[in-house]
Amino acid sequence: MSSTRTAASARTSKAPKISTGMTGAMRTSTAPEATNLLEYYGCGPIQFTGSNDALYERHLMFDSVVSPMATGPRERYEAIARSVRDILSQRWLRTEQTYARENPKRVYYLSMEYLMGRSLANNIMNLLLDPILERLIENKDLDRLALLEQEPDAGLGNGGLGRLAACFVDSMATMQLPAMGYGLRYEYGIFKQTIRDGWQHEQPDNWLRRPDPWEVARPQEEVEVKLGCSFEVQSGTLVAVAGQPSSLLGIPYDRPVVGYGGKTINTLRLWAAAAPHSFDFQVFSAGDFVSALAHRLTAESLTRVLYPDDSTSMGQGLRFVQEYFLVACSLADLMRRFRQTNSEWDALPDKVAIQLNDTHPSLAVSELMRILLDEEHLPWDQAWDLTRQTLAYTNHTLLPEALEKWPLPWFELLLPRHLEIILEINRRLLDEVRARFPGDEGRVERISLIEEGAVRKVRMANLAIVGSHSTNGVAAIHSGLLRTVTVKDLAEIFPERFNNKTNGVTPRRWLLLANPALADCITEAIGNGWITDLSLLTKLAPLADDIGFRDTVRKAKRSAKMHFAEWLKSSSGVTVDPDTIFDSQVKRIHEYKRQLLNALRVVVLYNRLRENPDLEMAPRTFFFAGKAAPAYDLAKIIIKFLNNLAGTIDGDPAVRGRLKVVFLPEYCVSLAERLIPATEVSNQISTAGYEASGTSNMKFMMNGALTIGTRDGATIEMAEAAGEENFFLFGLTADQVADSSTWYNPQWHYDNEPETQAALDLIVSDHFSRHEPGVFEPLRGTLLTRGDRFMHLADLTAYLEADRRLLDEYADPNRWARKAILNVASSGKFSSDRTIGEYATEIWSAKPCAVQ
Numbered sequence: 000m001s002s003t004r005t006a007a008s009a010r011t012s013k014a015p016k017i018s019t020g021m022t023g024a025m026r027t028s029t030a031p032e033a034t035n036l037l038e039y040y041g042c043g044p045i046q047f048t049g050s051n052d053a054l055y056e057r058h059l060m061f062d063s064v065v066s067p068m069a070t071g072p073r074e075r076y077e078a079i080a081r082s083v084r085d086i087l088s089q090r091w092l093r094t095e096q097t098y099a100r101e102n103p104k105r106v107y108y109l110s111m112e113y114l115m116g117r118s119l120a121n122n123i124m125n126l127l128l129d130p131i132l133e134r135l136i137e138n139k140d141l142d143r144l145a146l147l148e149q150e151p152d153a154g155l156g157n158g159g160l161g162r163l164a165a166c167f168v169d170s171m172a173t174m175q176l177p178a179m180g181y182g183l184r185y186e187y188g189i190f191k192q193t194i195r196d197g198w199q200h201e202q203p204d205n206w207l208r209r210p211d212p213w214e215v216a217r218p219q220e221e222v223e224v225k226l227g228c229s230f231e232v233q234s235g236t237l238v239a240v241a242g243q244p245s246s247l248l249g250i251p252y253d254r255p256v257v258g259y260g261g262k263t264i265n266t267l268r269l270w271a272a273a274a275p276h277s278f279d280f281q282v283f284s285a286g287d288f289v290s291a292l293a294h295r296l297t298a299e300s301l302t303r304v305l306y307p308d309d310s311t312s313m314g315q316g317l318r319f320v321q322e323y324f325l326v327a328c329s330l331a332d333l334m335r336r337f338r339q340t341n342s343e344w345d346a347l348p349d350k351v352a353i354q355l356n357d358t359h360p361s362l363a364v365s366e367l368m369r370i371l372l373d374e375e376h377l378p379w380d381q382a383w384d385l386t387r388q389t390l391a392y393t394n395h396t397l398l399p400e401a402l403e404k405w406p407l408p409w410f411e412l413l414l415p416r417h418l419e420i421i422l423e424i425n426r427r428l429l430d431e432v433r434a435r436f437p438g439d440e441g442r443v444e445r446i447s448l449i450e451e452g453a454v455r456k457v458r459m460a461n462l463a464i465v466g467s468h469s470t471n472g473v474a475a476i477h478s479g480l481l482r483t484v485t486v487k488d489l490a491e492i493f494p495e496r497f498n499n500k501t502n503g504v505t506p507r508r509w510l511l512l513a514n515p516a517l518a519d520c521i522t523e524a525i526g527n528g529w530i531t532d533l534s535l536l537t538k539l540a541p542l543a544d545d546i547g548f549r550d551t552v553r554k555a556k557r558s559a560k561m562h563f564a565e566w567l568k569s570s571s572g573v574t575v576d577p578d579t580i581f582d583s584q585v586k587r588i589h590e591y592k593r594q595l596l597n598a599l600r601v602v603v604l605y606n607r608l609r610e611n612p613d614l615e616m617a618p619r620t621f622f623f624a625g626k627a628a629p630a631y632d633l634a635k636i637i638i639k640f641l642n643n644l645a646g647t648i649d650g651d652p653a654v655r656g657r658l659k660v661v662f663l664p665e666y667c668v669s670l671a672e673r674l675i676p677a678t679e680v681s682n683q684i685s686t687a688g689y690e691a692s693g694t695s696n697m698k699f700m701m702n703g704a705l706t707i708g709t710r711d712g713a714t715i716e717m718a719e720a721a722g723e724e725n726f727f728l729f730g731l732t733a734d735q736v737a738d739s740s741t742w743y744n745p746q747w748h749y750d751n752e753p754e755t756q757a758a759l760d761l762i763v764s765d766h767f768s769r770h771e772p773g774v775f776e777p778l779r780g781t782l783l784t785r786g787d788r789f790m791h792l793a794d795l796t797a798y799l800e801a802d803r804r805l806l807d808e809y810a811d812p813n814r815w816a817r818k819a820i821l822n823v824a825s826s827g828k829f830s831s832d833r834t835i836g837e838y839a840t841e842i843w844s845a846k847p848c849a850v851q
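According to numbering that gives the first Met the number 0, the sequence shown is numbered sequentially starting from 0.
Spelled out as structure tokens, the structure:
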């Protein structure tokens, strides 16, 4: 299976090179031969091959306490996973021991999301254990695919933010940076998406239903988190009781983060919430069973799910407490590590770098101040200086509604001391602003950490910027707009704090693991150094004009398409034709990402074929995938429309075989690993100025897909790297969108563009909803009567023109292959190794620490 097999053939004939330093200044060392890998990882004479498959046999029998002949795929998966963990465990311990001994500056990455995906194949690849696993599978006559399918995706994220965090911790380990990730151990993670009658339905994603062989519980390192209130059951509902402080326990669960080559194995520590006492024994004995468990229910609910429904005050409150719980647990833990090897508080910024991944961990500002002021009794000025030098903040959005603001009453109830600290920070900040800009009360209001209104709120992005030494955006355009629009006043006061760090993705998972056919092509052409230094892909550029190499790359794409089609048929019964163009848009469903614009394009193409059956048009398969937030009604209607569009096209003999739409439910890392290598056209069509960066665009580019997209996010930099002639760019610029309020009228496009009018009329006529009349009326309202905020109609005609150019190029296989190769060759900048190298040098001042 293409998504699970690695490029083993490129690594078995000779020992590969392993990076032991940072990209751009790498030292290399030769990895051991496969037969010595176990000794290399500290496992001594234990053999994992031939007739002595000791680790696997031991786990298979003694973990399950069942005869090996009676075990099923799940037991076999767990046995292999635990065997791999055994192999890496000594190296994992040695990594932590090296950090404790050498006392380097350590990086702590705080993120509410980690979209890790499956770990077995990735860890085997990074440990260079592919040959050993292949022998075990052969010796034991195991079904590799069935084994790998037993592992659920660790669904601890909902898109680019969480997957970026996963790529970053991979790069930090590969580059031997002394780093640790902190997150929450959501029991159910993001919901499992099913489709019924075209509608999204959310079901619990119980990824921990079976034991997770990768995690290690550390109850001896639990952390107490204190809250300003307690909770009790009233009429069957948990209610906060003010003035009665309570506490929660944070139980750490560690997961290994294996750097490529296994030199460094860092840790991802996830916190689970628990109550100090299981239940109130006296209340339980009196017969009030539910009330006796109130504290336990409160605690366990905290890390039950990722993203509770935030359409209610209860859901928002739970999210607020989740964010504080992450911050409190993580800072207590990392401060404990700091104290073990350091005695002077002035050394904190020299030994600790804390990166806040978006606004979610912004409470770290007030929490670190609380620790330094109340526990360590430092004076304010010293505590504030240490806090700012230690913390750094990454912004991931320009949408005002996504910049979190929490009501002051919640602070008063739950975190009264934090509110005192925040108000004092704000008082000092505003005094400084008034001194620099006397009489400019408008600026004072905009900069204030407190938003005035019927309910006063704390602006968490402002708090993060003011309380840190660095604020970065994640693409050049995003960082520019952040400085000049979103937080313009703060950027004018603290210009030295603002910088850009364009995102990247790990080439290990997203090319080496996900696309072995293409990875083999690349390795055969330029060697395997690209695995840890993706800039070497530029060596492929001259080969874009080599007929033989173009043919090899075309065969790799064909192989990926065939594998995906076979998997889709076997897993869902859906049949797709690999001879059609695979055209994909896969990402979180949101209006600004404009899946609806893509759907309008398909409706126009559908209309063209209905009106002219003889029209020449290359057969197309359009793939959509992504989840809508449970309370996001319009996003759910868009999913419904995509599914109805798919059904209508499938049922129309006039277009059957020429157009096909497929909505892939339950989008996750494992699905992406299959679809991205198979895709030929990547849609990155967000409204210009709204996408912070995008990382799926980088994965598609790295795998040889061509991009049709707007000048937004990192797509701009990707087109600059590969040449705009190798992209299909269209639409309004960010400046034009920003100025559009004075001139944009979606009705004009409806009145003056016949194909736009015909597409909307077909939707409103219930052509795609014959048994549910009026169900898509909200789409008409969004596009016409409510102003089309994200300018779908403004860009539709330009999108269709770019689509025409795309088809013209696709008609010439050699021209298309040339463009695809140049895209791959230009994708080196978009490695997360490059991004992390910039963070380490320019923000963290952190250096590699070789594990001894």
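Where a beta carbon is used, it is the ideal one built from N, C-alpha and C, also for glycine.
Bridge-paired residues (DSSP) for residue i
| i | result |
| --- | --- |
| GLN388 | None, per the DSSP bridge assignment. |
| GLU201 | GLN192 |
| SER583 | PHE622 and SER681 |
| GLY466 | Paired residues: none, contrary to the question. |
| TRP270 | LEU183 and PRO251 |
Which of helix, strand or coil DSSP assigns to residue i
| i | result |
| --- | --- |
| GLN175 | coil |
| ASN682 | strand |
| PRO255 | strand |
| TYR107 | strand |
| GLY43 | Legend: pLDDT at GLY43 = 45, less than 50; position of this residue unreliable, value from coordinates given subsequently. It is coil, neither helix nor strand. |
| SER88 | helix |
| LEU539 | helix |
| TRP213 | coil |
| HIS315 | The amino acid at residue 315 is misidentified as His; the sequence shows Gln. If DSSP states are grouped into helix, strand and coil, GLN315 belongs with the helices. |
| TRP405 | strand |
| THR358 | coil |
| LYS225 | strand |
| GLY703 | coil |
| VAL763 | helix |
Other residues of its chain near residue i: CB distance less than 8 Å, five sequence neighbours each side excluded
| i | result |
| --- | --- |
| TYR631 | ILE588 and HIS589 |
| SER246 | GLU223, VAL224, LYS225, LEU226 and PRO275 |
| TRP206 | PRO151, ASP152, ALA153, GLY154, TYR187 and GLY188 |
| TYR55 | PHE47, ALA78, ILE79, SER82, LEU135 and LYS139 |
| THR678 | PHE581, ASP582, SER583, PHE622, PHE699, ASN702 and ALA704 |
Exposure label - residue i; buried when at least 16 CB within 10 Å
| i | result |
| --- | --- |
| GLU841 | exposed |
| GLU101 | exposed |
| GLU784 | Looking at the sequence itself, residue 784 is Thr, so the reference to Glu does not match. Label assigned to THR784: exposed. |
| ALA793 | buried |
| ASN813 | exposed |
| VAL65 | exposed |
| GLU137 | exposed |
Top-ranked residue by Cα proximity to residue i, from the options
| i | options | result |
| --- | --- | --- |
| ALA306 | GLU299, GLN321 and ALA298 | First, the residue type needs correcting, since residue 306 is Tyr and not Ala in the sequence shown. Minimum Cα distance to TYR306 is reached at GLN321. |
| LEU163 | ASN356, ALA434 and GLU615 | ASN356 |
| GLU719 | ALA475, SER681 and GLU565 | ALA475 |
| LYS592 | PRO130, GLU615 and ALA687 | ALA687 |
| THR531 | GLY712, ARG549, THR732 and ASP832 | ASP832 |
| SER856 | ASP488, LEU54 and ALA298 | Nothing in the structure corresponds to residue 856, since the chain is present only between 0 and 851. |
| GLY180 | PHE167, GLN192, LYS191 and ASP734 | PHE167 |
| LEU864 | ARG268, ALA810, GLY780 and GLN756 | The displayed coordinates of the chain run from 0 to 851. Any statement about residue 864 would go beyond what the structure contains. |
| GLU491 | VAL465, GLY836 and HIS477 | VAL465 |
| VAL585 | TRP529, THR505 and LEU670 | LEU670 |
| VAL215 | HIS200, GLU610, PRO255 and ALA721 | PRO255 |
| GLU754 | GLY786, LEU599, ASP807 and TYR809 | LEU599 |
| LEU658 | ASN682, LEU633, GLU672 and LEU608 | LEU608 |
| GLY780 | ALA391, PRO664 and TYR749 | TYR749 |
Neighbourhood of residue i by C-beta distance below 6 Å, restricted to the same chain and skipping five residues each side
| i | result |
| --- | --- |
| ALA273 | LEU248, ILE250 and ALA298 |
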